[in-house]
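Written out below as structure tokens is the structure these notes cover.
Numbering (the UniProt record's numbering), first residue to last: 1 to 332.
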């Protein structure tokens with residue numbers, strides 16, 4: 001299933017499944033693979049909403065308590081939600097049997113391939129029973145995802161929302177500003193000052209150090225913020241997300257760790273302090289706002305070093321019927 005962002009697919013993964021009694025299987029009946037701990041934990045939270053079906057689920061990810069994860073999965077569960085690296089670890093050490101998996105979900109398949117997990121995914125696909133039902137979701141449709149689908153899905157039916165061309169969701173007003181590198185911090189400060197009390201914003205940066213620096217600067221100004229990146233401890237990352245979701249802080253400064261799978265419906269703005277490494281990631285970032293029937297705004301700062309992606313960015317804006325916004329801001 002291909003969707004160009006802004007859709008909560010998590011519930012779809014769990015809505016109509018039947019796995020039979022747990023004691024008649026040698027392992028889990030459903031496996032959900034997700035690229036990051038944050039997305040895996042989010043899927044686990046969705047599973048808890050289906051307790052009336054008596055599903056027992058476990059979330060397996062790197063950085064978690066490995067011994068506890070092994071104990072839980074060997075006792076018997078219905079659903080395993082996992083990141084590829086940790087699942088591959090347990091799989092290679094014979095702690096989990098995937099031959100009983102009837103339902104396999106590859107969530108955010110493009111991100112998993114982009115993170116280099118293709119060898120682990122292929123090993124998992126080989127070990128899962130061949131007559132499984134497979135659902136593969138992706139917010140973009142690059143060559144790697146096409147190749148994976150062609151090689152490991154049998155007679156697949158493709159369902160897509162929007163267009164197959166790379167485009168941001170049309171519920172988001174996209175603004176692009178060409179600006180000197182040295183003026184970016186002053187501009188983001190001005191942007192923060194202009195926010196309304198009910199606004200909620202994700203500020204995307206390219207480096208973990210920049211995330212920490214900006215968070216420190218805002219905190220010194222008395223502005224409540226949280227930061228989210230891979231160098232933070234897992235408990236701190238979970239606390240940052242929880243604070244942001246609950247509205248304890250309304251500004252989250254993040255690397256692309258938060259560009260996919262983060263399901264916070266009331267994000268009003270996405271601010272791209274640093275342009276992402278490619279336009280696919282731009283689409284994912286922008287998709288964090290304008291969700292669940294809401295509208296949103298994105299502001300993207302572009303410097304000279306980003307000009308190499310200008311043509312691709314213009315194509316995305318044209319597909320969203322927003323190229324006028326880009327030209328207007330660039331010519332000011």
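Yeah, the Cβ is synthetic: ideal placement off N, Cα and C, and Gly gets one too.
Bear in mind that the values here come from a model prediction, so they are computed numbers and not experimental data.
C-beta neighbour in chain C for residue i, strict 8 Å
{"i": "residue 124", "result": "Absent from the structure is chain C; it holds one protein chain and no more."}
N- and C-terminal bounds of the alpha helix (DSSP H) containing residue i
{"i": "residue 88", "result": "84-92"}
{"i": "residue 158", "result": "Taken as a continuous stretch (DSSP letters only), residue 158 belongs to no alpha helix (DSSP H), as it is neither H nor E."}
{"i": "residue 284", "result": "279-286"}
{"i": "residue 68", "result": "66-75"}
{"i": "residue 318", "result": "310-319"}
{"i": "residue 244", "result": "234-246"}
Sequence-distant residues of its chain with Cβ nearer than 7 Å to residue i (five each side left out)
{"i": "residue 95", "result": "70, 73 and 74"}
{"i": "residue 78", "result": "19, 22, 28, 29, 30, 55, 56 and 57"}
Close-in-space but distant-in-sequence residues of the same chain around residue i (CB under 6 Å, 5 per side omitted)
{"i": "residue 298", "result": "172, 174, 270 and 286"}
{"i": "residue 90", "result": "96"}
{"i": "residue 265", "result": "291 and 292"}
{"i": "residue 312", "result": "279"}
{"i": "residue 106", "result": "33 and 136"}
For residue i, the first and last residue of its enclosing beta strand (DSSP E)
{"i": "residue 254", "result": "251-254"}
{"i": "residue 57", "result": "57-60"}
{"i": "residue 39", "result": "No beta strand (DSSP E) holds residue 39; the alpha helix (DSSP H) holding it covers 37-47."}
{"i": "residue 226", "result": "226-228"}
{"i": "residue 223", "result": "Segment: none, residue 223 is in no beta strand (DSSP E) and carries neither H nor E."}
{"i": "residue 272", "result": "269-272"}
Inter-residue CB distance, residue i and residue j (contact presumed, cutoff 8 Å)
{"i": "residue 251", "j": "residue 279", "result": "Their Cβ separation, rounded to whole angstroms, is 25 Å, which puts residue 251 and residue 279 out of contact at 8 Å."}
{"i": "residue 124", "j": "residue 33", "result": "7 Å"}
{"i": "residue 255", "j": "residue 205", "result": "6 Å"}
{"i": "residue 211", "j": "residue 148", "result": "That pair is no contact at about 31 Å."}
{"i": "residue 273", "j": "residue 188", "result": "6 Å"}
Proximal residues to residue i (C-beta, below 8 Å), its chain only, five neighbours per side dropped
{"i": "residue 232", "result": "240"}
{"i": "residue 151", "result": "none"}
Residue i versus residue j: straight-line alpha-carbon distance, rounded
{"i": "residue 203", "j": "residue 129", "result": "42 Å"}
{"i": "residue 289", "j": "residue 282", "result": "12 Å"}
{"i": "residue 318", "j": "residue 64", "result": "43 Å"}
{"i": "residue 176", "j": "residue 183", "result": "15 Å"}
{"i": "residue 305", "j": "residue 144", "result": "27 Å"}
{"i": "residue 115", "j": "residue 35", "result": "8 Å"}
{"i": "residue 333", "j": "residue 237", "result": "There is no way to answer for residue 333, as the model of the chain reaches only from 1 to 332."}
{"i": "residue 302", "j": "residue 42", "result": "32 Å"}
{"i": "residue 158", "j": "residue 136", "result": "9 Å"}
{"i": "residue 118", "j": "residue 112", "result": "7 Å"}
- [ ] Run through the region 177-208 for me and flag every whole beta strand (DSSP E) of 3 or more residues, listed as ranges in chain order.
- [x] 201-204
- [ ] Return the chain-ordered ranges of every beta strand (DSSP E) run that is complete within the region 91-151 and spans a minimum of 3 residues.
- [x] 103-106 and 133-136
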